[in-house]
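These notes are about the structure you will find just below.
In our numbering, the protein residues as written are 259 to 539.
Below, the structure written as structure tokens:
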């Protein structure tokens, strides 16, 4: 049975955080609703440790989104969506964490917790790499051809971006380890205690750093091969928008019409989750 108190606490906590994010222009109205639903579900089914791990992803990513925001505006103009997350952007990164929270509630095991952590590692890694990569002065490479492309191009990678991806996943791994250890001091959640039995923080940091890196690489590959892109004949630029910033209607260039950046983000998080089958602890 779903704990009613968990639903209530999750709803209130998610409502407060979502409204705060909306006021800070980090979420649109639809994104606020989606964030409330995801947060409530994660808290109700996963508990406070799952919820705080989700919050750590959201707020760390939001801080980096606001970092040097002015210098990112020209790049955001090529994206289909800007820095404010809408319903589908929140859903792309939030559906899987919510689903794994429910799965863990129904079938509690260290593996279901690992999957939850790995999904957030992938989402964090990709978001960190994107938000810091687009302000880099060094042009990245297209993952499929090795051609130099402008920062922010779908499918672009760089050594800097890969390093940031690893750090994003490692951050989630360390946070998960700390939350489990903190939880052991106040409650006896046997399942979560089995997740990191006697190991130190180094192993989860390394492993979920790798999981984040794998998810971020998957995002780049899928972005370069499957994501729909358009071409502006006036500016001679690729863009995610059907109407370019110059006001010119763009033409379909490549990819699949049903695959946008949100779909790519969802699939890359799924790839990150799949790494749990290789976890050695």
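Here a beta-carbon is modelled for each residue, glycine too, at the ideal position from N, C-alpha and C.
Considering only the beta carbon of each residue, do residue 377 and residue 276 sit closer than 8 Å? With a cutoff of 8 Å on beta-carbon distance, residue 377 and residue 276 are scored as not near each other.
How should residue 305 be labelled, buried or exposed, when 16 other C-beta atoms within 10 angstroms of its C-beta is the threshold for buried? Counting the other CB atoms within 10 Å of its CB gives residue 305 a total of 16 or more, which places it among the buried residues.
From the DSSP output, in three-state form, read off residue 259 for me. Legend: pLDDT at residue 259 = 48, less than 50; position of this residue unreliable, value from coordinates given subsequently. Coil.
Among 466, 349, 516 and 434, whose alpha-carbon lies nearest the alpha-carbon of residue 291? Taking each of 466, 349, 516 and 434 in turn and checking the Cα distance to residue 291, the smallest one comes out for 349.
Taking DSSP as the reference, what is the three-state secondary structure of residue 446? Note that residue 446 scores 49 on pLDDT, short of 50, meaning its location in the model is unreliable and no value can be drawn from it.
Identify, in the order they occur along the chain, each residue of the same chain with its Cβ nearer than 8 Å to the Cβ of residue 512, setting aside the five sequence neighbours on each side. Contacts found: 486 and 487.
CA-to-CA distance, residue 514 to residue 466, given in whole angstroms: Using only the alpha carbons, I get a separation of about 30 Å.
Please report the straight-line C-alpha distance between residue 434 and residue 493, rounded to a whole angstrom. Straight-line Cα distance between these residues: approximately 46 Å.
So what's residue 504 in DSSP terms, helix, strand or just coil? When DSSP states are grouped into helix, strand and coil, residue 504 belongs to the coil group.
Simplified DSSP assignment, three categories, for residue 497: It is a strand residue.
With H, G and I counted as helix, E and B as strand and the rest as coil, what does DSSP make of residue 325? Secondary structure of residue 325 (DSSP, three-state): coil.
Strictly under 8 Å for the Cβ-Cβ distance: is residue 365 near chain B by that measure? Considering every chain present, this structure includes no chain B. It has just one protein chain.
Apart from the five residues on each side of it in sequence, which residues of its chain come closer than 6 Å, Cβ to Cβ, to residue 428? So the list reads 463 and 467, once near-sequence residues are dropped.
List the DSSP bridge partners of residue 414. Partner(s): 400.
Over the uninterrupted beta strand (DSSP E) stretch that includes residue 394, give me the two end residues. Residue 394 -> no beta strand (DSSP E), and no H or E assigned at all.
How close, in whole Å, do the beta carbons of residue 478 and residue 422 come, if the pair is a contact with beta carbons under 8 Å? With a Cβ gap of about 13 Å, residue 478 and residue 422 do not count as contacting.
Limits of the unbroken beta strand (DSSP E) element including residue 541: Nothing about residue 541 can be read from this structure; the chain reaches only from 259 to 539.
Residue 363: first and last residue of the uninterrupted alpha helix (DSSP H) it sits in: Looking at the DSSP string, the run of the alpha helix (DSSP H) that includes residue 363 is 345-364.
Tell me whether the beta-carbon of residue 344 lies closer than 8 Å to the beta-carbon of residue 286. Result yes, Cβ atoms of residue 344 and residue 286 sit closer than 8 Å.
Should residue 491 go down as buried or exposed, given a rule of 16 or more other Cβ atoms within 10 Å for buried? Burial call: exposed.
Thinking C-alpha only, which one of 398, 413 and 412 is nearest residue 406? Per the Cα distances, 398.
Does DSSP put residue 439 in a helix, in a strand, or in coil? Helix.
Taking just the CA atoms, how far does residue 281 sit from residue 318? Roughly 17 Å separates the two Cα atoms.
Looking only at C-alpha atoms, which of 268, 384 and 438 sits nearest to residue 299? Of 268, 384 and 438, the smallest CA-CA separation from residue 299 is found for 268.
Boundaries of the beta strand (DSSP E) in which residue 511 is found, first to last residue: Boundaries of the beta strand (DSSP E) around residue 511: 509-512.
In the DSSP assignment, the alpha helix (DSSP H) including residue 289 goes from what residue to what residue? It spans 287-304 - the alpha helix (DSSP H) in which residue 289 sits, taken as one unbroken run.
Alpha carbon to alpha carbon, how far is residue 506 from residue 440? Give it in angstroms, no decimals. Distance between the alpha carbons of residue 440 and residue 506 is about 55 Å.
Rounding to the nearest angstrom, what Cα-Cα distance links residue 497 and residue 400 in this structure? Roughly 15 Å between the two C-alpha positions.
I'd like the list of long-range same chain contacts for residue 316, defined as Cβ closer than 8 Å, with 5 residues on each side in sequence excluded. So the qualifying residues of the chain are 275, 279 and 293.
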